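Visitor: A single structure is presented below for examination.
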Amino acid sequence: MVSSSVNQINIFVGTIFASFLATGSITYLFYGMRFIHFPLGIFGIAIATAVLPTMSAQAARKEMTEFRETFSLGLRLVFFIMFPAMAGLITLRVPIVNLMLEHGQFDRISTQGTAAALLFYAVGLWSMAGVRIVAQAFYSLQDTKTPVKTAVAALIANMLFSAAFLLWTPLAHGGLALAASLASMLNIGLLTILLRKKIGRIDAGRILRSLLKIIPVSIAMGTIGWWVSRNPVWDGAGQPLYKAQLLGAGMAASVFFYIAAMWLLRSEELKFLRGMVKRKAKR
């Protein structure tokens, strides 16, 4: 569907603009988005796919209270996973690119260029994943036109943002990644406003309360990644084993901190995921 493919279309737009920039810009954008696709593909798409049948059945039965609850849960689960993923990708962007790609012809300059693209793509990770949930809500209501309209608006905005960043900022290919992120934010914003007009209350208070826990904890968690990224070992190639151990330890510590903090804050999303894991383990 067009709405679900808007991220790919925006990436294509960025590639076209990047062809007018310095050599390597297209490669930086490509690899930057590849790292984004990991959490987006594994968790974002999976959650959106999982909630669609439930929301469709509830909409068909006119169970709008239950429909809103399912929508709210799906969006909160996406945010619960994507905001800490954002923090990790932003603070660990150089270590990740250095370890995974910096060898052979992929030098320090290439690492910095890819890390810049990853930074600006990561800023929009929450909206790239969240827009799929909101679009699924419209599909469940048998409304396929609205997501298409907002996707077109986001595409036009991406083109305008890209041109503006290239003309009036020194961000270069980073500006193209930022344009794609801003376009996805516009898309989810428009869809959310229109969904609220369509069904009324969307459990916004509950979503906001979750975000007031998720965002501060994600920022605090990011300090671990920031500390790891300050190690001088990331200034060049080599030492892959030590780098893998350092990055792995930093990521493990970050995940532990996030889960522990959300448990102390009695996160509903963590409780739901824990229950789901227990149910699957009993099968």
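1221 is the number of the first residue of the sequence shown in my numbering; add one for each residue after it. By construction, the Cβ of each residue, glycine as well, lies at the ideal position given by its N, Cα and C atoms. All of these numbers come straight from a predicted model, not from anything done at the bench.
Could you check if Lys1491 is buried or exposed, using at least 16 other CB atoms within 10 Å of its CB as the buried criterion?
Guide: Counted from its first residue, the sequence shown places residue 1491 at position 271. Exposed.
Visitor: Please say whether Ala1397 and Gly1264 have beta carbons closer to each other than 8 Å?
Guide: Your numbering for residue 1264 matches position 44 in the sequence shown. Your numbering for residue 1397 matches position 177 in the sequence shown. No, Cβ-Cβ distance for Gly1264 and Ala1397 is not below 8 Å.
Visitor: Return the chain-ordered list of same chain residues with a C-beta closer than 7 Å to the C-beta of Tyr1462, the five sequence neighbours on each side being excluded.
Guide: Taking the first residue of the sequence shown as position 1, residue 1462 is located at position 242. So the list reads Val1453, once near-sequence residues are dropped.
Visitor: Compare the Cα-Cα distances from Phe1303 to each of Ser1292, Gly1350, Met1320 and Pro1273 and report the closest residue.
Guide: Translated into the one-based positions of the sequence shown, residue 1303 becomes position 83. Looking at the Cα atoms, Gly1350 is the closest of the given residues.
Visitor: What residue range does the alpha helix (DSSP H) around Val1314 cover?
Guide: Taking the sequence shown and counting its residues from 1, the one referred to as residue 1314 is at position 94. Arg1313 to Leu1321 is the extent of the alpha helix (DSSP H) around Val1314.
Visitor: Check whether the segment 1301-1318 touches the segment 1359-1377, counting contact only when three or more Cβ pairs, one atom from each stretch, lie closer than 8 Å.
Guide: Contact fails: fewer than three Cβ-Cβ distances are below 8 Å.
Visitor: Short check: CB of Lys1433 to CB of Leu1493, under 8 Å?
Guide: To locate residue 1433, count along the sequence shown from 1; it is residue 213. To locate residue 1493, count along the sequence shown from 1; it is residue 273. No, the pair does not count as a contact, with Cβ atoms beyond the cut-off.
Visitor: With burial defined as no fewer than 16 other Cβ atoms inside 10 Å of the residue's Cβ, what is the status of Arg1281: buried or exposed?
Guide: What you label residue 1281 is simply residue 61 of the sequence shown in a count that begins at 1. Classification of Arg1281: exposed, given that the 10 Å Cβ count is below 16.
Visitor: Of the residues Gly1495, Val1271, Phe1340 and Ala1307, which one's Cα is nearest the Cα of Gly1445?
Guide: Counting from 1 along the sequence shown, the entry for residue 1445 is found at position 225. The shortest Cα separation from Gly1445 among Gly1495, Val1271, Phe1340 and Ala1307 belongs to Ala1307.
Visitor: Distance, Cα to Cα, Arg1499 vs Glu1489?
Guide: As a first step, residue 1499 must be located in the sequence shown, where it is residue number 279. As a first step, residue 1489 must be located in the sequence shown, where it is residue number 269. Those two C-alpha atoms are separated by around 15 Å.
Visitor: For Gln1459, which residues from the same chain have a beta carbon less than 8 Å from its beta carbon, with the 5 sequence-adjacent residues on both sides left out?
Guide: Translated into the one-based positions of the sequence shown, residue 1459 becomes position 239. Result list for Gln1459: Val1453, in chain order.
Visitor: DSSP state of Asn1451, grouped into three classes?
Guide: For the purposes of this step, residue 1451 is identified with residue 231 of the sequence shown, where counting begins at 1. It is coil, neither helix nor strand.
Visitor: Under a three-way DSSP split, which group does Ser1223 fall into?
Guide: Numbered from its first residue, the sequence shown carries residue 1223 at position 3. With a pLDDT of only 48 at Ser1223, under 50, the local geometry of the prediction cannot be trusted, and no value is derived from it.
Visitor: Do Leu1260 and Leu1345 count as a contact pair if the criterion is CB distance below 8 Å?
Guide: Taking the first residue of the sequence shown as position 1, residue 1345 is located at position 125. Taking the first residue of the sequence shown as position 1, residue 1260 is located at position 40. For Leu1345 and Leu1260, yes; Cβs fall inside 8 Å.
Visitor: Going by the beta-carbon positions, is the gap between Val1321 and Thr1331 smaller than 8 Å?
Guide: Numbered from 1 along the sequence shown, position 101 holds the residue referred to as residue 1321. Numbered from 1 along the sequence shown, position 111 holds the residue referred to as residue 1331. One detail in the question is off: residue 1321 reads as Leu in this sequence, not Val. Contact: yes.
Visitor: Could you have a look at Val1368 and say whether DSSP puts it in helix, strand or coil?
Guide: As a position in the sequence shown, residue 1368 is number 148, starting the count at 1. Looking at Val1368 - three-state DSSP - the assignment turns out to be helix.
Visitor: Within 10 angstroms of the Cβ of Phe1232, are there 16 or more other Cβ atoms? Answer buried if so, exposed if not.
Guide: Taking the first residue of the sequence shown as position 1, residue 1232 is located at position 12. Looking at its Cβ environment, which holds fewer than 16 other Cβ atoms inside 10 Å, Phe1232 is exposed.
Visitor: Buried or exposed: which applies to Gly1324, given that a residue is buried once 16 or more other Cβ atoms fall within 10 Å of its Cβ?
Guide: Locating residue 1324 in the sequence shown gives position 104, where the first residue counts as 1. By the 10 Å Cβ count, Gly1324 comes out exposed.
Visitor: Give the secondary structure of Gly1324 by DSSP, where H, G and I count as helix, E and B as strand, and everything else as coil.
Guide: Here residue 1324 refers to the residue found at position 104 when the sequence shown is read from its first residue. Gly1324: coil per DSSP, three-state reduction.
Visitor: Which of the three DSSP states, helix, strand or coil, is assigned to Glu1283?
Guide: Looking up residue 1283 in the sequence shown gives position 63. Reduced to three states, the DSSP call for Glu1283 is coil.
Visitor: What's the gap between the Cα of Ala1464 and the Cα of Leu1406?
Guide: Position 244 of the sequence shown, counted from the start, is the residue given in the question as residue 1464. Position 186 of the sequence shown, counted from the start, is the residue given in the question as residue 1406. Straight-line Cα distance between these residues: approximately 37 Å.
Visitor: Under a Cβ-count criterion, where at least 16 other Cβ atoms within 10 Å of its own Cβ denotes burial, should Met1496 be classed as buried or exposed?
Guide: Translated into the one-based positions of the sequence shown, residue 1496 becomes position 276. Result: exposed.
Visitor: Is Arg1509 buried or exposed, if buried means 16 or more other CB atoms sit within 10 Å of its CB?
Guide: A question about residue 1509 goes unanswered here, because the residues of the chain that appear run from 1221 up to 1503.
Visitor: Which residues in the same chain have their Cβ closer than 6 Å to the Cβ of Gly1442, if we skip the five residues on either side of it in sequence?
Guide: Against the sequence shown, residue 1442 aligns to sequence position 222. The answer, listed in chain order, is Ala1307 and Thr1311.
Visitor: With a threshold of 8 Å on Cβ separation, who are the neighbours of Ala1424 within its own chain once the five nearest residues in sequence on each side are excluded?
Guide: What you label residue 1424 is simply residue 204 of the sequence shown in a count that begins at 1. Answer for Ala1424: Arg1416, listed in chain order.
Visitor: At which residues does the alpha helix (DSSP H) containing Gln1356 begin and terminate?
Guide: The sequence position of residue 1356 within the sequence shown is 136, counting from 1. Unbroken alpha helix (DSSP H) run through Gln1356: Leu1345 to Ser1360.
Visitor: From Ile1413, Ala1337 and Gly1394, pick the residue whose C-alpha is nearest to that of Val1354; which is it?
Guide: Mapped onto the sequence shown, residue 1354 falls at position 134. Cα-wise, what sits closest to Val1354 is Ile1413.
Visitor: Measure the CB-CB distance between Met1471 and Val1437 and report whether it falls below 8 Å.
Guide: Position 251 of the sequence shown, counted from the start, is the residue given in the question as residue 1471. Position 217 of the sequence shown, counted from the start, is the residue given in the question as residue 1437. No, they are not a contact pair.
Visitor: I'd like the span of the alpha helix (DSSP H) that includes Gln1465, first residue to last.
Guide: Position 245 of the sequence shown holds residue 1465. Per DSSP, Gln1465 belongs to the alpha helix (DSSP H) from Pro1460 to Leu1484.
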